[in-house]
Amino acid sequence: MIINVKQDVLEAYRKRAEEVRAELEARGVYMVNLIGSPGSGKTLLLERSMERMPKLERIAVIEGDVETQRDAERLERFGIQLVSVNTGGACHLEAQSVAGALERLELDALELIFIENVGNLICPVEFDLGEAARVAVSSVPEGEDKPTKYPALFREASAVVLNKVDLAPYVPFDPDYFRSEVRRLNGKAPLFELSASSGDGLDPWLAWIEERRGRLRAAAPQNE
Amino acid sequence: MHEFSIVEALFRSLEEIIERERLRSVQRVRLRVGELRQIVPELMTFAFDAAKEGTKACGAALELETVSARFRCEACGNECSSPEAGYACPQCGSYELSVLQGKEIEIAAIEGERE
Chain A
50 MIINVKQDVL
60 EAYRKRAEEV
70 RAELEARGVY
80 MVNLIGSPGS
90 GKTLLLERSM
100 ERMPKLERIA
110 VIEGDVETQR
120 DAERLERFGI
130 QLVSVNTGGA
140 CHLEAQSVAG
150 ALERLELDAL
160 ELIFIENVGN
170 LICPVEFDLG
180 EAARVAVSSV
190 PEGEDKPTKY
200 PALFREASAV
210 VLNKVDLAPY
220 VPFDPDYFRS
230 EVRRLNGKAP
240 LFELSASSGD
250 GLDPWLAWIE
260 ERRGRLRAAA
270 PQNE
Chain B
10 MHEFSIVEAL
20 FRSLEEIIER
30 ERLRSVQRVR
40 LRVGELRQIV
50 PELMTFAFDA
60 AKEGTKACGA
70 ALELETVSAR
80 FRCEACGNEC
90 SSPEAGYACP
100 QCGSYELSVL
110 QGKEIEIAAI
120 EGERE
């Protein structure tokens with residue numbers, strides 16, 4: 050016999066993500082999900098951002114790694130709230146593991162949470178974590194074709210970071226092609242071209258986060 | 010390789026349905042997959058065949074149906090399909106497109122035997 054079901058396979062994941070999003074919105078906490086390849090510079094971007102951001106006590110980072118605490122250890126010196134989530138082989142974080150991480154954080158003290166997703170351009174894209182913003186992190190040595198080859202990430206990103214622009218003289222990279230592909234896939238997302246290593250170009254990125262965070266905070270019920 | 014993650018979720022849903030419908034076995038699973046989901050059919054089938062071992066769906070075949078993408082322009086209300094030329098409204102150029110369809114991962118139907 051044939052049974053018509055029409056059941057959304059990812060429904061449970063999406064519901065959990067919506068719960069996380071609603072809770073954070075109500076508390077006025079802005080959560081950013083960083084997605085990029087291994088080695089694109091997500092952790093260094095966080096380190097350089099922490100060095101420049103005021104009031105670190107209001108910031109938390111959720112580190113998603115397949116194994117090890119290496120990335121989390123790099124952020125310990127900032128004294129921020131830090132939770133490391135080992136996915137035990139899985140290629141992405143899920144809303145359920147983020148919800149678990151949030152329980153280990155002192156949410157009342159927080160205004161901003163960064164999630165560093167597992168380095169991967171495909172799987173994390175399918176899993177809504179309840180974030181307010183999703184940021185695609187790409188880098189010059191990866192080549193200009195990443196948006197073209199992994200369109201789903203770039204199409205749904207709230208912003209795109211192009212890291213390691215200081216390496217442009219040394220590796221083949223066509224910046225105009227990269228820019229036009231990001232634009233074609235996602236005309237709304239701002240593109241931040243920066244070098245986390247040198248610190249060049251970080252200010253517009255930080256200003257964007259602060260602006261978005263402030264807007265969410267202002268709209269939160271407790272601040273009405 | 011997100012096909013494996015999706016298949017894992019698929020089996021969670023499938024087990025619910027098997028329980029709810031009191032099925033003894035499942036012969037066929039029809040899955041509707043939106044073209045925006047970047048699913049590779051061969052990988053999906055491979056992952057499905059690996060995951061079905063030891064379940065009531067161990068003899069099941071996976072049928073994939075692709076759902077083409079459709080967008081609505083929030084600025085002018087125009088509906089369009091092909092994103093080839095870029096994710097902008099072909100009529101007014103706005104980037105404010107909402108997805109009407111093309112992101113589904115949905116079990117449409119299953120064929121099975123009742124207990």
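The listed protein sequences derive, respectively, from chains A and B. The numbering used here applies: residue 50 is where the first sequence begins, and numbers increase by one. The numbering used here applies: residue 10 is where the second sequence begins, and numbers increase by one. Where a beta carbon is used, it is the ideal one built from N, C-alpha and C, also for glycine.
Under 8 angstroms from the C-beta of residue i: neighbouring residues of chain A
i, result
"Glu30/B", "Ile52"
"Glu120/B", "Met50, Ile51, Ile52"
"Ile26/B", "Ile52, Val54, Gln56"
"Arg123/B", "Met50"
"Ala117/B", "Asn53, Val54, Lys55"
C-beta atoms of residue i and residue j nearer than 9 angstroms
i, j, result
"Phe176/A", "Leu251/A", "no"
"Val38/B", "Glu12/B", "no"
"Glu28/B", "Gly121/B", "no"
"Leu159/A", "Ile108/A", "yes"
"Cys140/A", "Ile171/A", "yes"
"Ser246/A", "Gly90/A", "yes"
"Val78/A", "Leu202/A", "no"
"Met80/A", "Ile162/A", "yes"
"Leu131/A", "Glu112/A", "yes"
"Leu83/A", "Val184/A", "yes"
"Val54/A", "Ile15/B", "no"
"Ile116/B", "Leu40/B", "yes"
"Ala60/B", "Glu17/B", "yes"
"Thr54/B", "Leu71/B", "yes"
"Gly248/A", "Val186/A", "no"
"Thr64/B", "Leu23/B", "yes"
"Gln36/B", "Ala69/B", "yes"
"Gly88/A", "Gly179/A", "no"
Residue i CB to nearest heavy atom of the ligand ATP below 8 angstroms
i, result
"Arg65/A", "The ligand ATP is absent from the structure shown, which contains no ligands of any kind."
Where residue i sits in the DSSP three-state scheme
i, result
"Phe241/A", "strand"
"Asp57/A", "strand"
"Thr117/A", "coil"
"Phe203/A", "helix"
"Ala78/B", "coil"
"Arg183/A", "strand"
"Lys64/A", "helix"
"Met99/A", "helix"
"Ala75/A", "helix"
"Leu93/A", "helix"
"Cys101/B", "coil"
"Phe227/A", "helix"
"Asp160/A", "The sequence shown places Glu at residue 160/A, rather than the Asp named in the question. Of the three classes helix, strand and coil, the one that applies to Glu160/A here is coil, per DSSP."
"Val220/A", "coil"
"Val214/A", "helix"
Proximal residues of chain A, C-beta to C-beta of residue i below 7 angstroms
i, result
"Ala97/B", "Gly236"
"Leu19/B", "Val58"
"Ser22/B", "Gln56, Val58"
Amino acids of chain B, ordered along the chain, whose beta-carbon sits closer than 9 angstroms to that of residue i
i, result
"Ala158/A", "Ordered by position in chain B, no residue passes the 9 angstroms Cβ test against Ala158/A, which lies about 33 angstroms from the chain."
"Glu175/A", "His11, Ser14, Ile15, Arg46, Gln47, Ile114"
"Ala269/A", "The premise fails here: Ala269/A is roughly 25 angstroms from chain B at the closest Cβ pair, so nothing lies under 9 angstroms."
"Tyr219/A", "By Cβ distance, chain B contributes nothing, its closest Cβ being about 31 angstroms from Tyr219/A, past 9 angstroms."
Contact list for residue i against chain B, beta-carbon separation under 8 angstroms
i, result
"Tyr226/A", "Result: empty, since nearest Cβ-Cβ is about 14 angstroms, beyond 8 angstroms."
"Arg183/A", "Within chain B, no residue comes near Arg183/A; the closest Cβ sits about 15 angstroms away, beyond 8 angstroms."
Partner residues on chain B for residue i, Cβ-Cβ distance less than 7 angstroms
i, result
"Arg204/A", "Tyr96"
"Arg201/A", "For the record, residue 201/A in the displayed sequence is Ala; it is not Arg. Near Ala201/A (Cβ distances below 7 angstroms), the residues of chain B are Leu45, Gln47."
"Arg7/A", "The structure shown does not extend to residue 7/A, since chain A is modelled only from 50 through 273, so no value can be given for it."
"Arg65/A", "What Arg65/A touches in chain B: nothing, since even the nearest Cβ is about 12 angstroms away."
"Tyr62/A", "Ala18"
Is the segment 184-191 of chain A touching the segment 206-218 of chain A in the sense that three or more CB pairs, one from each, lie closer than 8 angstroms? yes
Pairing CB atoms from the segment 73-87 of chain B with CB atoms from the segment 103-123 of chain B, are three or more of them under 8 angstroms? yes
Three or more beta-carbon pairs under 8 angstroms between the segment 228-247 of chain A and the segment 202-211 of chain A, yes or no? yes
Check whether the segment 132-148 of chain A touches the segment 59-73 of chain A, counting contact only when three or more Cβ pairs, one atom from each stretch, lie closer than 8 angstroms. yes
Which residue spans inside the segment 241-270 of chain A form an unbroken alpha helix (DSSP H) run of at least 4? 251-268
Which ranges would you report for the alpha helix (DSSP H) in the segment 10-85 of chain B if only whole runs of at least 4 residues count? 11-29, 50-60
Scan the segment 116-153 of chain A and note each continuous alpha helix (DSSP H) run of 4 residues or more that stays entirely inside, going in chain order. 119-124, 144-152
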